[in-house]
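The structure under discussion appears below in the form of structure tokens.
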Amino acid sequence: MTSDLFQLSQQEGIIIEWFKFSSTLEGLYWFTKNKRPVIGLSDSLQNNQPRLRSVLGEELGHHFTSMGEGITQSHYRYSDRLNVNRIEHRALCWAASYLIPLDNLSDAIHSGLTEYWQLAEHFVVTEDMIDFRVRMMDVRRLFISGGF
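Quick note on numbering that gives the first Met the number 0: the sequence shown kicks off at 0 and runs consecutively.
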């Protein structure tokens with residue numbers, strides 16, 4: 000299931016490299032001197048598919064939403080993201096939408112998967128990614144209904 004993200008990276012010409020990052024750093028997106036995009040991933044992600052998909056998804060989100068805008072940002076645990084900046088937020092929105100398409104999420108919920116842990120297992124992402132996707136839906140619902 001993670002192969003789709005690696006295939007997308009390859010199609011976009013993104014170099015994927017693995018590193019022994021510090022314990023809190025899990026992913027980085029940057030450009031080489033020759034303007035080639037690179038995603039650096041922590042070795043610690045290799046045996047944790049939900050976390051790998053969530054982190055790689057967000058780093059791909061940087062590629063598709065900001066194309067290097069701003070300073071290279073570190074990828075910290077989602078639960079620590081209380082003050083997410085605009086660039087990080089756009090990347091995370093892209094990742095949540097790509098990894099958890101709205102129609103698929105709706106189908107999963109209607110089939111009886113209503114707990115975050117069930118949805119996380121179904122989509123092979125972290126529970127934090129599920130929580131973010133659900134919050135995105137709630138905000139959109141408010142806009143559509145004129146609740147603001």
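In this text, a Cβ means the ideal position worked out from N, Cα and C, and glycines have one as well.
Answer yes or no: do Leu4 and Gly26 have a C-beta to C-beta separation smaller than 8 Å? In the sequence shown, the residue the question calls residue 4 occupies position 5. In the sequence shown, the residue the question calls residue 26 occupies position 27. Not in contact: Leu4 and Gly26 (Cβ atoms no closer than 8 Å).
Note down, in chain order, each residue of its chain lying with its Cβ closer than 7 Å to the Cβ of Ile15, except the 5 sequence neighbours on either side. As a first step, residue 15 is located in the sequence shown; it is residue number 16 there, counting from the start. Cβ within range, chain order: Phe5, Ser8, Ile38 and Leu40.
To the nearest whole angstrom, what separates the beta carbons of Leu91 and Phe131, a pair I think is in contact under 8 Å? By 1-based counting over the sequence shown, the position of residue 91 is 92. By 1-based counting over the sequence shown, the position of residue 131 is 132. Contact flag correct, Cβ pair sits at about 6 Å.
Local Cβ density within 10 Å of Gly56, reported as buried at 16 or more and exposed below that: Taking the sequence shown and counting its residues from 1, the one referred to as residue 56 is at position 57. That one is buried.
Please name the residue in His88, Pro100 and Glu11 whose C-alpha comes closest to that of Arg35. Here the question's residue 35 lines up with position 36 in the sequence shown. Closest by alpha carbon: Glu11.
Taking its Cβ as the centre, do 16 or more other Cβ atoms sit within 10 Å of Thr125, making it buried, or is it exposed? Looking up residue 125 in the sequence shown gives position 126. That one is buried.
Could you pull the start and end residues of the beta strand (DSSP E) that Gly26 belongs to? In the sequence shown, counting from the first residue as 1, residue 26 sits at position 27. Its beta strand (DSSP E) spans residues Gly26 to Phe30.
Measuring alpha carbon to alpha carbon, tell me which of Ile13, Ser2 and Met135 ends up nearest His88. What you label residue 88 is simply residue 89 of the sequence shown in a count that begins at 1. Measuring from the Cα of His88, the nearest candidate turns out to be Met135.
Would you give the residue range spanned by the beta strand (DSSP E) that Gly39 belongs to? Here residue 39 refers to the residue found at position 40 of the sequence shown. Run containing Gly39: Pro36 to Ser41, per the beta strand (DSSP E) assignment.
For Glu16, the three-state DSSP class (helix, strand or coil): As a first step, residue 16 is located in the sequence shown; it is residue number 17 there, counting from the start. Here Glu16 sits in strand by DSSP.
Tell me, to the nearest whole angstrom, how far the beta carbon of Ile129 is from that of His62; I am working on the premise that it is less than 8 Å. Taking the first residue of the sequence shown as 1, we reach residue 129 at position 130. Taking the first residue of the sequence shown as 1, we reach residue 62 at position 63. Actually they are not in contact, since the Cβ atoms of Ile129 and His62 sit about 23 Å apart, beyond 8 Å.
Simplified DSSP assignment, three categories, for Met135: Position 136 of the sequence shown, counting from 1, holds the residue named residue 135. Helix.
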